[in-house]
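According to mature numbering (1 follows the signal peptide of the UniProt record, and there is no 0), the residues represented by the sequence shown are -31 to -1, 1 to 237, in order.
Okay, so here's the structure we're looking at.
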Amino acid sequence: MSAITSTRLARGIVAAVTAALLVGGAGPAAADDTENRSYPGCPLLLEGQTSSCVERLQRDLNAVDPDYALPETGFFGPATRTAVLDFQGWRRLPADGNVGGLTADALAREVGEPGEAGPTEPPPDSCREGDRDQATELADRGFTTVREQTLRGGAYDGLTVSVRASDTMPGCAWGLISAQDDPLSLEVHEVWVDRSLDGGATWEQQPETTTQLFSGVTHTGVYDATGPVSIRVCGVSYHQPLSAPSGEPQYEVPDQSPYVCTGWWTQG
């Protein structure tokens, strides 16, 4: 047995056990071996079979992970079963080394081949709109400030809103608001994203509004600004004097403007 095959077998066994625990303690017998097909037009694939369906299985497994290095002979041998176990385990599929509809459809989706129709999920590299965690992740991977607007003068001199765009995911952007510290007051900063399909002639505010108490920085979730969709970021800072009666908010908005917005931005 080659070093790669030995490693795959060990990893596949560990992954299979993990998958079994994740699906509620059901062992390998609970896998999709109750199905009577794998790929459309193909039966359940089992070790020992030889067919063009097995050849497709080997081709798809190699496309998903070239380290499987399976000879595409159409014979379902021990190496193919090891690769199947590995694939099933790491995708948290019921793992028994057989290939039923769940496994075949998962393989087809990953390599972009037609499979059985089923629920679709957004591709992993797309904006999960309104998701603040993704904005944080993308900021860690690099971003560019593409639009910014700052209030000058008045009670909230220095209040800034900006559009930040991902450097690694074109069109994926989010809004940010920042304000100067004021130790003698309580401030509530709100920031949101407006979106337009006609360059700003008409627009709608996205439902997610992020609020941050006190001075500081906060951001929205991400939004897709790929053309023809344009976005802008707006924000407002409410001021509550410390002398305000407890339990009776007396918010005040800057006289010069109730809010500040950036210009519109579209990923070209």
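Virtual Cβ for every residue (Gly too), placed ideally from N, Cα, C.
These numbers come from a predicted model, not from an experiment.
- For residue 106, the uninterrupted alpha helix (DSSP H) segment begins and ends at 101 to 110.
- Residue 233 has its alpha-carbon roughly 10 Å from the corresponding atom of residue 115.
- With contacts defined as CB atoms closer than 8 Å, residue 137 and residue 111 qualify as a contacting pair.
- Residue 230 is positioned such that its CB atom lies no closer than 8 Å to that of residue 103.
- Classified as buried, residue 75 has 16 or more neighbouring CB atoms from the shown chains inside 10 Å of its CB.
- With respect to the 8 Å criterion, residue 141 and residue 186 are not classified as neighbours on the basis of their beta carbons.
- The beta strand (DSSP E) runs lying completely inside the region 151 to 181 and spanning 3 residues or more are 154 to 165, given in chain order.
- Taking each of 52, 35, 120, 9 in turn and checking the Cα distance to residue 204, the smallest one comes out for 120.
- The shortest CA-to-CA distance from residue 175 to any of 25, 194, 181 is the one to 194.
- Setting aside the 5 residues that flank it on each side, residue 196 is surrounded in the same chain by 235, 236, 237, each with a C-beta closer than 7 Å to its C-beta; the list follows chain order.
- Counting every other CB atom within 10 Å of its CB across the protein chains shown gives residue 156 a total of 16 or more, marking it as buried.
- With respect to the 8 Å criterion, residue 57 and residue 48 are not classified as neighbours on the basis of their beta carbons.
- Ranked by Cα distance from residue 80, the first of 51, 53, 31, 133 is 31.
- For a cut-off of 8 Å, the C-beta gap from residue 179 to residue 189 is around 5 Å, short enough to register as a contact.
- At the C-beta level, residue 77 and residue 36 stay beyond 8 Å of one another.
- Residue state for residue 77 is assigned as helix, using DSSP reduced to three classes.
- Between residue 66 and residue 53, the alpha-carbon positions lie close to 5 Å from each other.
- Taking the C-beta atoms as reference points, residue 167 is found no nearer than 8 Å to residue 200.
- Between the beta-carbon of residue 131 and that of residue 145 there is about 5 Å, and that keeps the pair under the 8 Å contact cut.
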